[in-house]
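**Q** Let me begin by handing over the structure; questions about it come next.
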Amino acid sequence: MRDKKLRSEALIYHAKPQPGKIKIVPSKSYSTQRDLGLAYSPGVAEPCLEIAKNVDDVYKYTSKGNLVAIITNGTAVLGLGNIGPEASKPVMEGKSLLFKIFADIDAIDIELDTTDVDKFVETVKIIAPTFGGINLEDIKAPEAFEIERRLKEELDIPVMHDDQHGTAIISSAALLNALTVTNKKIEDARIVISGAGAAAISCTRLYKAFGAKAENIVMCDSKGVIHKNRENITPEKLEFATERKIETLAEAMKDADVFIGLSIADIVTPKMLKSMAKNPIVFALANPDPEISYELAIKTRKDIIMATGRSDHPNQVNNVLGFPFIFRGALDVRATKINEEMKMAAVVALAELTKQTVPEQVNIAYSETRLTFGKDYIIPKPFDPRLISEIPPAIAKAAMESGVAKEPIQDWAKYKEKLLRRSGSDNKVVRLLHERAKINPKKIVFAEANHLDVLKTAQIVYEEGIAIPILLGEEEVIRELKKEIGFNADVKIIDPKSEDSLKTRERYAKKHWEATQRHGLTLYGAKTNMRERNYYAAMMVNEGDADGMISGYSRAYPTVIKPIFEVIGRTKGVRRAATVNIMNTERGPLFLADTSINIDPSAEVLAEIAVMTSNLAKAFGFEPIMAMLSYANFGSSSHPNAKKVTEAVKILHKNYPKLVIDGEIQTDFALNMELHQSQFPFSKLAGKKVNTLIFPNLDSANITYKLLKELNGADSIGPIMLGLNKPVHVLQLGADVDEMVNMTAVAVIDAQEREKRKRFKRD
């Protein structure tokens, strides 16, 4: 049964604020009449004439070289079947989005209203001059085989049917690694394939290319084991038909080393699993529900290596590990096709990447102490930032070595650097936040739950498994609003002013008074404070009744921060609390501090803010490269405003010599590596990509982050509070739902980190 709430959210997501998920954005200046004259008439005639003289110049003067067509007829849409070309369009737009965010490839979806193979092939051939590559998608078998074969033969650009080859490449890499872990050889492995569609056929062919023996492979379809004597069998199925005298999947599974599921949910039983050989390898890849659930499989066999297509279990076989990077490498050398050598190179590159040391950023995202090659890590994670710099070069080299590259790469170091720059626009930080929070969700109290947007936030974080919300406010109002938005979950609602809360309110008031009685607060004043939601929420966190707190949506920042400072207080040894905003920019994430609290910090406070910000960056898996900003550069001004930054840098260089930080420096010199290197080669920042900016005062920090947000459309996560005793985070007035969801994830991760540190101290 489909989830009504998910249905509603999905429809709104695709319809608002404008229909669809992709749009075209100009890549050249168009502000003046001269620009327009160059973009179109009369200037556009010049590149047209050059291309007419040499057709290959189309790659030099147009976007063809970075443009992929995603083409379908909607006859085999994953999980939905033959729904037609129009109904498949949202899926294809989604694929376009993945191409862009993972590999910076511009992809356009094209839905063809035909099931005729000849018409399909002819149409693609006619439009092919527009594109640098063709990604075929969601076309039913056996037509998919014929369409791809003919297009690969008749076109001189890369063509790949991802449903076939994407799954084949990723699962092959996982299989090679799983066999290594179990100390088995692929040529000896007995393999059972459940499913005989395009993906299953392609997977099995690739396994054979890596050494699997035909006599050790059994393929099953909906009718059972595929035999050579079966009537009306397709040529593709006949290729993997067996002569063994077995009929059922259960019989095939007996003593098998490997099971590959590309079929339907729940067809593998515990009994079948128990009949497999020692250290069985099971890839249950049916989506959304696998052939056997992960929980049941690992409960049944302790020695199993298990993979699924799901992100909530180890070893996710996810096509996004393949197609963006395969096309990236193919486009970058102007490959005329994606051949077997290139596919095999992708397999080897993915398998080898899994064996390398995992970046801390990935460990943090999955809340692992250290992901290491083994039974629960046989394939890279989709969030691994190394994919963009490792897989495309492997594809490009294979294309060059196999003779299909028209534009070979000469400088591999420069190419890798270019690839890393391409990954800067992806919003990875948000995904890292959410995934990490989901691993160990915490109780977060929302102090303003009587506001609809705050309640929507609580609903999202609850349903996504990011946090366990506690709602503060008038219970009747909250229940009415919950009903309005379809938030039916039984979450805790507390009205601090109600009679039901009296006992807790009195306890909180007494504790609060005892902690602050020598600072002028009376017991009566403490009791009055506890009727106010921000005081009450802060005490909930202080007393361990909640793990973290979110507030600030409906009130000015200073109003919200006052009770938090009074109740929670600063961490021991911290002079001043501070805030950081993480801005997701085209160059990657930027950490900006201090954006909300310290109006004119001293040199000592600036140094403290820098240290706290560096710790935050590390907590998110980034190595901080920090610039102390000013209007001056390295002593060029003797004004006190510049000198205090100079002094802060001296403090940091003396006390934290390993910290990569320097200044005072102007923003353009900090962010422009070439400019910085040429003018200040002596600097600690020379030749490095700055990702953390420490501002000299609140004016400059607050104005900058809001300018970035409003003018450049940069997503902002923050302000993230630093230096408090507990995980409490204050929103900007009027924050939108997405910003509040992100801040809730921050509060959860903050609580996770504190719990981890406490556990480490105990141990």
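For the sequence shown, the working numbering begins at 35 and goes up steadily by one.
C-beta atoms are modelled at their ideal positions from N, C-alpha and C, and glycine is treated no differently.
Here the structure is a predicted model, which means the values were calculated and not measured.
Within the chosen definition, does the segment 305-322 reach the segment 336-356 through at least 3 CB pairs nearer than 8 Å?
**A** Yes, they touch.
**Q** How about Arg-362 and Pro-419: do their beta carbons lie closer than 8 Å?
**A** Here residue 362 corresponds to residue number 328 of the sequence shown, with the count starting at 1. Here residue 419 corresponds to residue number 385 of the sequence shown, with the count starting at 1. Not in contact: Arg-362 and Pro-419 (Cβ atoms no closer than 8 Å).
**Q** With respect to the alpha helix (DSSP H) encompassing Met-253, which residues constitute its N-terminal and C-terminal limits?
**A** Working through the sequence shown from its first residue, we reach residue 253 at position 219. Run containing Met-253: none in the alpha helix (DSSP H); it sits in the beta strand (DSSP E), 251-255.
**Q** Please report how far the alpha carbon of Ile-105 lies from the alpha carbon of Val-575, in whole angstroms.
**A** As a working mapping, residue 105 is identified with position 71 in the sequence shown. As a working mapping, residue 575 is identified with position 541 in the sequence shown. Each residue's Cα considered, the two are about 53 Å apart.
**Q** Alpha carbon to alpha carbon, how far is Asp-445 from Tyr-591? Give it in angstroms, no decimals.
**A** Against the sequence shown, residue 591 aligns to sequence position 557. Against the sequence shown, residue 445 aligns to sequence position 411. Just so you know, the alpha carbons of Tyr-591 and Asp-445 end up roughly 51 Å apart.
**Q** Hey, Ala-611 and Leu-756 are a contact pair by Cβ (cut 8 Å); roughly how many whole angstroms apart?
**A** For the purposes of this step, residue 611 is taken as the residue at position 577 of the sequence shown. For the purposes of this step, residue 756 is taken as the residue at position 722 of the sequence shown. At roughly 6 Å, the Cβ-Cβ gap stays under 8 Å, so Ala-611 and Leu-756 are in contact.
**Q** Would the segment 613-623 count as touching the segment 738-757 if we require 3 or more Cβ pairs under 8 Å?
**A** yes
**Q** From Met-35 to Glu-171, what does the alpha carbon distance come to, in whole angstroms?
**A** Within the sequence shown, residue 35 is the residue found at index 1, counting from 1. Within the sequence shown, residue 171 is the residue found at index 137, counting from 1. With a pLDDT of 42 at Met-35, under the threshold of 50, the modelled position of this residue cannot be trusted, and the question is left open.
**Q** Check this for me: beta carbons of Val-479 and Ile-504, under 8 Å apart or not?
**A** For the purposes of this step, residue 479 is taken as residue 445 along the sequence shown, with counting starting at 1. For the purposes of this step, residue 504 is taken as residue 470 along the sequence shown, with counting starting at 1. Yes; because the gap between Cβ atoms is below 8 Å, this pair is in contact.
**Q** Would you call the segment 619-639 in contact with the segment 731-744, where contact means no fewer than 3 C-beta pairs closer than 8 Å?
**A** yes
**Q** To the nearest angstrom, report how far apart Ala-666 and Glu-375 are at their CA atoms.
**A** By one-based count along the sequence shown, residue 666 stands at place 632. By one-based count along the sequence shown, residue 375 stands at place 341. Each residue's alpha carbon lies about 54 Å from the other.
**Q** Any contact of the segment 160-170 with the segment 252-259, i.e. 3+ C-beta pairs under 8 Å?
**A** no
**Q** Under 8 Å between the Cβ atoms of Asp-300 and Glu-325?
**A** Counting from 1 along the sequence shown, the entry for residue 300 is found at position 266. Counting from 1 along the sequence shown, the entry for residue 325 is found at position 291. The answer is yes: Cβ separation under 8 Å.
**Q** Could you tell me the distance, in whole angstroms, from the CA atom of Ser-459 to the CA atom of Val-392?
**A** Mapped onto the sequence shown, residue 459 falls at position 425. Mapped onto the sequence shown, residue 392 falls at position 358. With a pLDDT of 43 at Ser-459, under the threshold of 50, the modelled position of that residue is not reliable, and the figure given next carries that caveat. Ser-459 and Val-392: Cα-Cα distance of roughly 22 Å.
**Q** Measuring straight from C-alpha to C-alpha, what distance separates Gly-810 and Lys-477?
**A** Since the displayed the chain opens at 35 and closes at 797, residue 810 lies outside it and no answer follows.
**Q** Are Asn-217 and Thr-388 closer than 8 Å when you measure CB to CB?
**A** On the sequence shown, residue 217 is found 183 positions in, with the first residue counted as 1. On the sequence shown, residue 388 is found 354 positions in, with the first residue counted as 1. Not a contact, by the Cβ cut-off of 8 Å.
**Q** Thinking Ile-32 and Ala-207 are a contact (beta carbons under 8 Å), I'd like their distance in whole angstroms, please.
**A** This structure cannot speak to residue 32, because the chain is shown only from 35 to 797.
**Q** With a CB to CB cut of under 8 Å and the five nearest residues on each side skipped, what residues in its chain are close to Glu-127?
**A** The count along the sequence shown starts at 1 and reaches residue 127 at position 93. Within the same chain, Glu-127 has close Cβ partners Gly-54, Lys-55, Ile-56 and Asp-143.
**Q** Going by DSSP in three states, Gln-786 sits in which element: helix, strand or coil?
**A** Stepping through the sequence shown from its first residue, residue 786 is reached at position 752. If DSSP states are grouped into helix, strand and coil, Gln-786 belongs with the helices.
**Q** Are the CB atoms of Asp-524 and Ile-443 within a distance shorter than 8 Å?
**A** Sequence index remark: in the sequence shown, residue 443 carries index 409 (1-based). Sequence index remark: in the sequence shown, residue 524 carries index 490 (1-based). No; because the gap between Cβ atoms is not below 8 Å, this pair is not in contact.
**Q** Using a Cβ-Cβ cut-off of 8 Å (strictly less than) and excluding sequence neighbours within five positions of Ser-61, which residues of its own chain qualify?
**A** Residue numbering aside, residue 61 sits at position 27 when the sequence shown is read from its first letter. Taken in chain order, the residues that qualify are Ser-97.
**Q** Does the beta-carbon distance from Ala-641 to Ile-685 come in below 8 Å?
**A** Sequence index remark: in the sequence shown, residue 641 carries index 607 (1-based). Sequence index remark: in the sequence shown, residue 685 carries index 651 (1-based). Yes, these two residues count as a Cβ contact at 8 Å.
**Q** Helix, strand or coil for Met-35 per DSSP?
**A** As a working mapping, residue 35 is identified with position 1 in the sequence shown. Note that Met-35 scores a pLDDT of 42, beneath 50, so its modelled location is shaky; the value from the coordinates is reported in the next line. DSSP places Met-35 in coil when its eight states are reduced to three.
**Q** When we look at the beta-carbon of Ser-672 and count the other beta-carbons within 10 Å, is it buried (16 or more) or exposed?
**A** Along the sequence shown, one-based indexing puts residue 672 at 638. Classification of Ser-672: exposed, given that the 10 Å Cβ count is below 16.
**Q** Can you check whether the CB of Glu-435 is closer than 8 Å to the CB of Arg-368?
**A** Position 334 of the sequence shown, counted from the first residue, corresponds to residue 368. Position 401 of the sequence shown, counted from the first residue, corresponds to residue 435. The answer is no: Cβ separation not under 8 Å.
**Q** Take the Cβ of Cys-82 as the centre, count every other Cβ of all protein chains shown within 10 Å, and call the residue buried at 16 or more, exposed below.
**A** Position 48 of the sequence shown, counted from the start, is the residue given in the question as residue 82. Cys-82 comes out exposed.
**Q** Determine the DSSP secondary structure at Glu-145, reduced to helix, strand or coil.
**A** Here residue 145 refers to the residue found at position 111 of the sequence shown. Glu-145: strand per DSSP, three-state reduction.
**Q** Helix, strand or coil, according to DSSP, for Asp-140 in the structure here?
**A** Along the sequence shown, one-based indexing puts residue 140 at 106. Three-state DSSP puts Asp-140 in a strand.
**Q** Using the three-state DSSP reduction, which class does Asn-100 fall into: helix, strand or coil?
**A** As a working mapping, residue 100 is identified with position 66 in the sequence shown. It is helical.
**Q** For Met-378, collect the residues of the same chain with a Cβ closer than 7 Å to its Cβ; drop the 5 residues on either side in sequence, then sort them by chain order.
**A** Numbered from its first residue, the sequence shown carries residue 378 at position 344. Taking Met-378 as the centre and dropping the five residues before and after it, the same chain places the C-beta of Ala-243 closer than 7 Å to its C-beta, in chain order.
**Q** Would you identify the three-state DSSP class for Val-724, choosing helix, strand or coil?
**A** If you number the sequence shown from 1, residue 724 lands on position 690. In the structure shown, Val-724 sits in coil (DSSP, three-state: anything other than H, G, I, E or B).
**Q** Hey, out of Glu-540, Glu-620, Lys-129 and Ser-75, whose CA is closest to Asn-725's CA?
**A** In the sequence shown, counting from the first residue as 1, residue 725 sits at position 691. Across the set Glu-540, Glu-620, Lys-129 and Ser-75, the C-alpha of Glu-620 shows the shortest separation from the C-alpha of Asn-725.
**Q** Which whole-angstrom value is the C-beta distance of Lys-305 and Asp-337, which I expect to be below 8 Å?
**A** Position 271 of the sequence shown, counted from the first residue, corresponds to residue 305. Position 303 of the sequence shown, counted from the first residue, corresponds to residue 337. Between Asp-337 and Lys-305 the Cβ distance is about 16 Å, and since that is not below 8 Å, they are no contact.
**Q** Would you give the residue range spanned by the beta strand (DSSP E) that Ser-648 belongs to?
**A** In the sequence shown, residue 648 corresponds to position 614, counting from 1. Per DSSP, Ser-648 belongs to no beta strand (DSSP E); it is in the alpha helix (DSSP H), 637-653.
**Q** Nearest to Asn-776 by alpha carbon, out of Lys-87, Leu-466 and Gly-229?
**A** For the purposes of this step, residue 776 is taken as the residue at position 742 of the sequence shown. Checking every option, the nearest Cα to that of Asn-776 belongs to Leu-466.
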